[in-house]
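Numbering-wise (the numbering used here), the sequence shown opens with residue 141 and increments by one. Idealized CB from N, CA, C, for every residue including glycine. Take a look at the structure set out below.
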Amino acid sequence: MNKPLTSREKEILELISQGYSTKEIALRLFVSQETVKSHRRHLFSKFSAKNSPHLIQRAISDGLIDGTMTARL
């Protein structure tokens, strides 16, 4: 990843890694789903990721999230 993440992107990345949906993230952060989708697009672009699992794999590789975390049930 070449571009730094904003604090909001880091927050959303963490929630994605915990298994939250776009709708759930929007509700938790008090923002619209479109705002979350926009941040997700930026994350996919910054990590050159194809999908959410690929995004998480790259974030773990870059040390931005803990690879031992498990998705919420």
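Q. DSSP three-state call for F184: helix, strand or coil?
A. Note: F184 maps to helix in three-state DSSP.
Q.
Quick check on the burial criterion: 16 or more other C-beta atoms within 10 angstroms. Buried or exposed for L167?
A. Exposed.
Q. Buried or exposed: H179, going by 16 or more other Cβ atoms within 10 Å of its Cβ?
A. It counts as buried.
Q. Does the separation of the CB atoms of L204 and L195 fall below 8 Å?
A. At the C-beta level, L204 and L195 stay beyond 8 Å of one another.
Q | Contact set for L145: own chain, Cβ-Cβ below 6 Å, skip 5 residues either direction | A | No residues qualify anywhere along the chain.
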